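Undergrad: Pasting a structure here, questions to come.
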Ligand SMILES: N[C@@H](CCC(=O)N[C@@H](CS)C(=O)NCC(=O)O)C(=O)O
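In this note's numbering, the protein residues as written are 6 to 391.
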């Protein structure tokens, strides 16, 4: 399937995480072609290797099959550090990882909410998009029929993510505040960390592209309320790093390991809105670890040992913005946060002080104090105890 150094991205235009890895491949200058899952090769070779349905999957030219977009990015970065997509100065690197984790994991509730709570207003679009991935050929009705079966599965994610009639006003209000903060930021610089895209931007493209910038209802909201965020989603899918809108902005991260001032309001929302869930998830995970003390490394972090894209270890309840959130635990989000936080914990000297001051100014001290009872890792396409 792969030849001439070309990667194969098994993904789709309407897929959350495909939006993240596609923009990375484009900005990195990696040659790839995108294939959809109805292709016979997906059933014949890819699914048997990964053993649960998921997109995106990346096939490397030397025949490796990678799943999880962060694993894909780390694999390519290790082989090809340039052009730089992860800052190499300490505070910028820690912030980039943190925002990349937040983007990848924390905005599933608004992403799924704006797709499924407004299903009636965008049903044809969703049928067409799910059909595009799942069913080849020109038979529109066959595409829609196949699409509807899978759409119900994803529609049912809303309560798992804590999105209910009681919480929807808060989910929408928090998302709009984030849009406003990002919209202001993208008036100043083209990317989260200044003049160059980074894993922070790729992570944020997960929710912000396929769902929130592309589905008709949230796309209209984003375009009308935060046009600079919409423009950033376009920019993120262009190979060029610079942008005519910012002729004087060098194609680099800011000098002296600085963080753009306009990013601080965004970070404040990250700590406030993801923090409540992370603290509750960490407590639930530590309890789970404590009640399974002799479990071997390599054990699935998942109820009943089930292979799952978004595993859970039970229900979760916590307070957020005056709302009681009842949802499933998200150990994968915790894994991602902890992976990012490890860069912050490794800081020393002046970088440690500068990062600590930033965290203090943006209200993140309690969240950055999270220490998991036992580390997790990814192995064989799933999340396991280290
Ligand atoms: N952590 C994974 C998440 C992948 C993911 O959630 N993919 C979605 C589509 S964008 C999926 O296939 N979900 C299937 C499921 O949840 O069962 C990554 O970063 O690649």
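Glycine included, C-beta positions come from ideal geometry on N, C-alpha and C. In this text, all values refer to a predicted model and were calculated from it rather than measured experimentally.
Does the beta-carbon of residue 10 have 16 or more other beta-carbons within 10 angstroms, so that it is buried, or is it exposed?
TA: exposed
Undergrad: Mind checking whether residue 28 and residue 242 have CB atoms under 8 Å apart?
TA: Yes, the pair counts as a contact, with Cβ atoms nearer than the cut-off.
Undergrad: Would you say residue 217 and residue 149 are within 8 Å of each other, going by their C-beta atoms?
TA: no
Undergrad: So residue 271 packs on residue 390, CB below 8 Å; how close in whole Å?
TA: Not a contact, Cβ separation roughly 33 Å.
Undergrad: For the candidate residues 84, 80 and 105, whose alpha-carbon lies nearest to that of residue 92?
TA: 105
Undergrad: Between which two residues does the alpha helix (DSSP H) carrying residue 157 extend?
TA: The continuous alpha helix (DSSP H) containing residue 157 extends over residues 145–160.
Undergrad: Following a CB-centred definition, is residue 72 positioned closer than 7 Å to any heavy atom of ligand 1?
TA: yes
Undergrad: Indicate the three-state DSSP secondary structure (helix, strand or coil) for residue 193 in the structure shown.
TA: helix
Undergrad: Can you say whether residue 371 is buried or exposed, counting buried as having 16 or more other CB atoms within 10 angstroms of its CB?
TA: exposed
Undergrad: At a cut-off of 7 Å, would you count residue 58 as near ligand 1, judging by its Cβ distance to the nearest heavy atom?
TA: yes
Undergrad: Is it buried or exposed, residue 61, if we count other Cβ atoms within 10 angstroms and call 16 or more buried?
TA: Looking at its Cβ environment, which holds 16 or more other Cβ atoms inside 10 Å, residue 61 is buried.
Undergrad: Between residue 75 and ligand 1, is there a pair consisting of the residue's CB and a ligand heavy atom that are separated by less than 7 Å?
TA: Residue 75: yes, Cβ under 7 Å from ligand 1.
Undergrad: Take residue 42 as the anchor and find which of 134, 238 and 175 has the nearest alpha-carbon.
TA: Residue 42 has its Cα closest to that of 134, out of 134, 238 and 175.
Undergrad: Take the Cβ of residue 319 as the centre, count every other Cβ of all protein chains shown within 10 Å, and call the residue buried at 16 or more, exposed below.
TA: Result: exposed.
Undergrad: Is the closest heavy atom of ligand 1 to the C-beta of residue 306 under 7 Å?
TA: no
Undergrad: Out of curiosity, what's the CA-to-CA distance linking residue 6 and residue 13?
TA: Reliability fails at residue 6, whose pLDDT of 48 lies under 50, so the model's placement of it is uncertain and the value that follows must be treated cautiously. So the two alpha carbons sit approximately 8 Å from each other.
Undergrad: Consult DSSP for residue 199 and reduce its assignment to one of helix, strand or coil.
TA: strand
Undergrad: Given 8 Å as the limit, is there contact between the region 155–168 and the region 122–136, that is, 3 or more CB pairs closer than that?
TA: yes
Undergrad: Please look up how many angstroms separate the CB atoms of residue 184 and residue 230, rounded, as I've assumed it's under 8 Å.
TA: 6 Å
Undergrad: In the DSSP assignment, find the unbroken beta strand (DSSP E) run with residue 62 in it and report its ends.
TA: Counting along the chain, residue 62 sits inside the beta strand (DSSP E) bounded by residues 62–64.
Undergrad: Could you tell me if residue 48 is buried or exposed, where buried requires 16 or more neighbouring beta carbons within 10 angstroms of its beta carbon?
TA: exposed
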